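Peer 1: Numbering (the working numbering), first residue to last: 9 to 878.
What follows is the structure in structure tokens.
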């Protein structure tokens, strides 16, 4: 850990999970492509830089700023670059230089930064900062750039070094960096550490005299320069590099975290003792199986395969062999592969799917001939990689039909593809341990980025959804769409090396196990299971027709605008002088008074005020004019203007426009803050318990050897005596076991201590674990919530059978702030929910409890819980 990183981590522990995420300004969110959902860790990265720029006390003074983002492959480094460009533009930076080791990455990055027609364009259709529209321009140097644009030079490290040594007309020179404050963006930044490393190859020794020295000179040329370094593979283990980065690692988000946060595919290795083409054919069958699963669930996603050869000649030869074989493929070839599979294998599962969905081997062969024909494959070796770079960068697009890519190592860096699901290693060698397996593990890491899809509205789009499986066919089918398969020859020594390398880079856990979560047979025999009810609510679209105008908080905000006095004064040093205070007048005016045409002109510069955008927020709005003049909208906005008295008597048109842009910009920031798309119904409707709990669950548990990790360890087997409990004899616990976190196990122990008291009051006491069995939705914004436990308490010996339905969420104290909305919802349940309280002669009451936390339960949870005993 570094000093900077330690400081930020300490602050996060002290002030809560959102201490940095809450600092992300709206002008970053609003100016990035809205189709790219900003992820929590990306908000964390943005917020850390805001804190560093504005509040970090140890930031270097009067010298350039340098920070490092050490982020997993596929975690969205270029989106972070785009956002930080906006925040630095806001702070007065106009000139940016993007440099990297590889020309193919430059082509891809230009698409992402400059081409609005690209599906991976990073910015919003219009960039607006402080009411002014901002353009992004590629330039060759900073001599004659537009001071209102974001000006970017794209170059390789080698090209930058060459032009610095041999200046050319209209190219960059050292004067560009001395005369202008520049933001240097270094992608794949581990390449600029050639001099830093203690041991150097001959190639790296050459770099000592070039790249790293050049970058250092450029960076140091102006004390206001900023360098943002981005890499997924900084060799922090190297002591020299560790020392270099000691106080500049701003954000550290390795592949291990990326996988644990569910943003990656799961990686599996499939060995086959066969020649290269039969191995390739298995990958093709698996790829077509995925395509059919996607199609069955109405998802237009095209899986892609990478065939990796050892040499360019081998790659070209196999490409030709592949095309010849595909052209002739028939039913008998597929039958031969089918006969080598066995039950439980993924290939066997694929053929079962084809059979169950009436896809014959004859029709499958014809499909493969079509889908893997010559025009749907590409070979990207040597110069071909540059030729095909744009096509490779758009493999997910609906009009891109490429299914197979043949390569050696041109795709090792900078390849940005989400729908890669299979990598086929065409050769069978094991070099000396280390280099080969590690390089291929890093390639797998690049391919393991998640391909976004969802089949239910409430599911997350960019995260795995099937780590917890039930017995439904659909869940098991879709699991294959969250997995990357690496196809290798049968070579146990190499596979052992590869597995170690995958664990080292963090894309594969050291242990993975599948745990069965079953409802006890004894509970299934009870009348509660057979006919009992659980009341849940639904998520519905928020009825925006109820929104008749701007929120009162927006209307009542104190808006102000100061017109510069342009006053200057001359003083002689050491001579006493009386400072004359300027006479400034203030007056409060209606925004509309500056002129409807000026308000409209200012609105035209801000995307949020396009009529179709306003219509979404305010369905009853009829025209733009209504929005400008109506008292429900801008007609009620007042602004305090300050300036010289003579200026206020006749405010210049340009100042009126600036005033409108400033005020309208502030209002626009609040429009989406107050936007609600969904709401949870207050009416709760019954679901039968046997309907919600009729399927057993399979938990896919990963463990990286963290001894303190309780999740995935059975409560009957934990070594922590405070948590240990044999649940097999606890008839009140519905499942066969509890594999939950330490807080969840503490709660189960707490309930065990209260069970006799509960049974003295209630005839039935049952605790149900909620492993994606049901969801609740918050009343105000419809956020999905899956409480960890449901406690059912029934009183039978009375006129109406009474059932308490109590939702409980154990929570570590470090998550209280981040998940406060869940606790607020739980506590609001009893008063707000509406149900048909008496149903078929039974009465139901729905409760929610405060968070259960072992340390604070006596003060918060226990007093509320003990009300159930009264």
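Heads up, the beta-carbon is just placed ideally off N, CA and C, and yes, glycines get one too.
For clarity, every value in this text was computed on a predicted model and none was experimentally measured.
Since residue 792 sits in a beta bridge, which residues does DSSP pair it with?
Peer 2: DSSP lists 785 as partners of residue 792.
Peer 1: Relative to the C-alpha of residue 465, which candidate in 18, 547, 148 and 414 has its C-alpha closest?
Peer 2: Comparing alpha carbon positions, the residue from 18, 547, 148 and 414 closest to residue 465 is 547.
Peer 1: Assign residue 795 to one of two classes, buried (16 or more other C-beta atoms within 10 Å of its C-beta) or exposed (fewer than that).
Peer 2: buried
Peer 1: Suppose only complete runs of 3+ residues qualify. What are the beta strand (DSSP E) ranges in the region 424-493, listed by chain order?
Peer 2: 428-433 and 476-478
Peer 1: Applying the 10 Å Cβ sphere with the 16-neighbour rule, what's the burial state of residue 746?
Peer 2: Label assigned to residue 746: buried.
Peer 1: Is residue 41 near residue 130, with beta carbons less than 8 Å apart?
Peer 2: yes
Peer 1: Going by DSSP in three states, residue 736 sits in which element: helix, strand or coil?
Peer 2: Helix.
Peer 1: Short check: CB of residue 793 to CB of residue 786, under 8 Å?
Peer 2: yes
Peer 1: With a 10 Å radius around its C-beta and 16 neighbouring C-beta atoms as the bar for buried, classify residue 435 as buried or exposed.
Peer 2: exposed
Peer 1: What residues in its chain sit with their C-beta under 7 Å from that of residue 698, if we drop five residues either side in the sequence?
Peer 2: Scanning its chain for C-beta atoms nearer than 7 Å, with the 5 sequence neighbours on each side dropped, one finds around residue 698 the residues 537 and 538, in chain order.
Peer 1: For the 8 Å Cβ check, are there 3 or more pairs between the region 125-143 and the region 26-41?
Peer 2: For the pair of segments examined, the region 125-143 was found to touch the region 26-41: the number of CB pairs separated by less than 8 Å reaches three.
Peer 1: Checking the sheet assignment: what are the DSSP bridge partners for residue 234?
Peer 2: 73 and 191
Peer 1: With DSSP collapsed to three states, give me the class of residue 34.
Peer 2: Note: residue 34 maps to helix in three-state DSSP.
Peer 1: Taking a contact to mean a Cβ-Cβ separation below 8 Å, would you say residue 492 touches residue 456 in this structure?
Peer 2: Result yes, Cβ atoms of residue 492 and residue 456 sit closer than 8 Å.
Peer 1: Taking only the alpha-carbon atoms, compute the straight-line gap between residue 185 and residue 221 and give it to the nearest angstrom.
Peer 2: 15 Å
Peer 1: Report back the beta-carbon spacing between residue 781 and residue 701 to the nearest angstrom; my notes put them in contact at under 8 Å.
Peer 2: 6 Å
Peer 1: Measuring straight from C-alpha to C-alpha, what distance separates residue 338 and residue 332?
Peer 2: 12 Å
Peer 1: Output the distance between the C-alpha atoms of residue 315 and residue 523, rounded to the nearest integer angstrom.
Peer 2: 34 Å
Peer 1: Excluding the 5 residues flanking residue 349 on each side, which residues of the same chain have their C-beta closer than 6 Å to its C-beta?
Peer 2: 355 and 356
Peer 1: Would you kindly work out how many angstroms separate the C-alpha atoms of residue 169 and residue 223, rounded to a whole number?
Peer 2: 8 Å
Peer 1: Helix, strand or coil for residue 18? Go by DSSP, reduced to three states.
Peer 2: Looking at residue 18 - three-state DSSP - the assignment turns out to be helix.
Peer 1: Going by beta carbon distance, what residues of the same chain come within less than 6 Å of residue 379, once the five residues before and after it are set aside?
Peer 2: 411
Peer 1: Can you tell me whether residue 344 is buried or exposed, with buried defined as 16 or more other CB within 10 angstroms of its CB?
Peer 2: exposed
Peer 1: Select from 158, 136, 153 and 760 the residue whose C-alpha is nearest the C-alpha of residue 121.
Peer 2: 158
Peer 1: Under 8 Å: do the region 509-526 and the region 702-710 share three or more Cβ pairs, one atom per stretch?
Peer 2: yes
Peer 1: In or out: residue 857 buried (at least 16 other Cβ within 10 Å) or exposed?
Peer 2: buried
Peer 1: State buried or exposed for residue 828, treating a residue as buried only when at least 16 other CB atoms are found within 10 Å of its CB.
Peer 2: exposed
Peer 1: Is the region 65-83 close to the region 96-110, with three or more CB pairs under 8 Å?
Peer 2: no
Peer 1: Going by beta-carbon coordinates alone, are residue 806 and residue 853 separated by less than 8 Å?
Peer 2: no
Peer 1: Thinking C-alpha only, which one of 601, 871 and 728 is nearest residue 668?
Peer 2: 601
Peer 1: Compute the Euclidean distance between the alpha carbons of residue 580 and residue 592, then round it to the nearest angstrom.
Peer 2: Residue confidence for residue 580 is low, a pLDDT of 47 falling below 50, so the modelled location carries little weight and cannot support an answer.
Peer 1: Would you report the Cα separation of residue 597 and residue 34, rounded to the nearest angstrom?
Peer 2: 27 Å
Peer 1: Quick check on the DSSP output: what are the complete alpha helix (DSSP H) runs of length 4 or more inside the region 122-202, in order along the chain?
Peer 2: 165-173 and 182-187
Peer 1: Residue 126 and residue 119 - do their beta-carbons sit closer together than 8 Å?
Peer 2: Yes; because the gap between Cβ atoms is below 8 Å, this pair is in contact.
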